[in-house]
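In our numbering, the protein residues as written are 12 to 138. Note that CB positions come from ideal geometry on N, CA and C, so glycine has one too. Computed from a prediction, not measured in an experiment: that's the story for all the values here. Okay, so here's the structure we're looking at.
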């Protein structure tokens, strides 16, 4: 994780220096080992962190888009974490809001119009 996080930080610092908008989402398997890694922990203290979503292993699925595999939900082995990192201009151009984070978390729970737990998911939370 160290090289990945350092590269992200370097690109964000360069974007700030150039006064350019930059936005990135870092998606990782949120295992205990990953979340306790020093480089991942450093994201929580980063000035570029604009939002974070952690979705529990039992709360989400992934959908296969491969034409050679049957469509449908696929196995997920652990929680998933999404870190939103943005330069100062990126945060102004594409704000990371609590509503957007809630919509993203909701999207992780959807499969073919229903939530992973069988609940109706056509409407996102708060709508």
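Classify residue 120 as buried or exposed, calling it buried when 16 or more other Cβ atoms lie within 10 Å of its own Cβ.
For the purposes of this step, residue 120 is taken as the residue at position 109 of the chain shown. Buried.
Check whether the Cβ atoms of residue 34 and residue 96 sit closer than 9 Å, and answer yes or no.
Within the chain shown, numbered from 1, the residue matching residue 34 stands at position 23. Within the chain shown, numbered from 1, the residue matching residue 96 stands at position 85. Against a cut-off of 9 Å, the Cβ pair of residue 96 and residue 34 comes out as a contact.
Note the first and the last residue of the continuous beta strand (DSSP E) segment covering residue 28.
Against the chain shown, residue 28 aligns to sequence position 17. Careful: residue 28 lies outside any beta strand (DSSP E), inside the alpha helix (DSSP H) at 13 to 28.
Is the separation between the beta-carbon of residue 66 and that of residue 91 shorter than 9 Å?
Walking along the chain shown from the start, residue 66 turns up at place 55. Walking along the chain shown from the start, residue 91 turns up at place 80. Yes.
Which same chain residues, not among the five before or five after residue 105, have their C-beta less than 6 Å away from its C-beta?
On the chain shown, residue 105 is found 94 positions in, with the first residue counted as 1. These residues qualify, in order along the chain: 34.
Between the alpha carbons of residue 135 and residue 117, how many angstroms are there, rounded?
For the purposes of this step, residue 135 is taken as the residue at position 124 of the chain shown. For the purposes of this step, residue 117 is taken as the residue at position 106 of the chain shown. The predicted model places residue 135 with a pLDDT of 49, which falls under 50 and marks its position as unreliable; any figure quoted below should be read in that light. Residue 135 and residue 117: Cα-Cα distance of roughly 6 Å.
Tell me whether residue 23 is buried or exposed, calling it buried when 16 or more other Cβ atoms sit within 10 Å of its Cβ.
Taking the chain shown and counting its residues from 1, one reaches residue 23 at position 12. By the 10 Å Cβ count, residue 23 comes out buried.
Could you check where the alpha helix (DSSP H) with residue 101 kicks off and where it finishes?
The residue you call residue 101 lines up with position 90 of the chain shown. First-last of the alpha helix (DSSP H) with residue 101: 99 to 104.
Distance, Cα to Cα, residue 69 vs residue 88?
Position 58 of the chain shown, counted from the first residue, corresponds to residue 69. Position 77 of the chain shown, counted from the first residue, corresponds to residue 88. The alpha-carbon atoms of residue 69 and residue 88 are separated by roughly 9 Å.
If you compare alpha carbons, which of 94, 98 and 61 is closest to residue 108?
As a first step, residue 108 is located in the chain shown; it is residue number 97 there, counting from the start. Out of 94, 98 and 61, 61 has the C-alpha closest to the C-alpha of residue 108.
Apart from the five residues just before and just after residue 16, which ones in its own chain have a Cβ nearer than 6 Å to its Cβ?
Numbered from 1 along the chain shown, position 5 holds the residue referred to as residue 16. Same-chain partners within the cutoff: 50.
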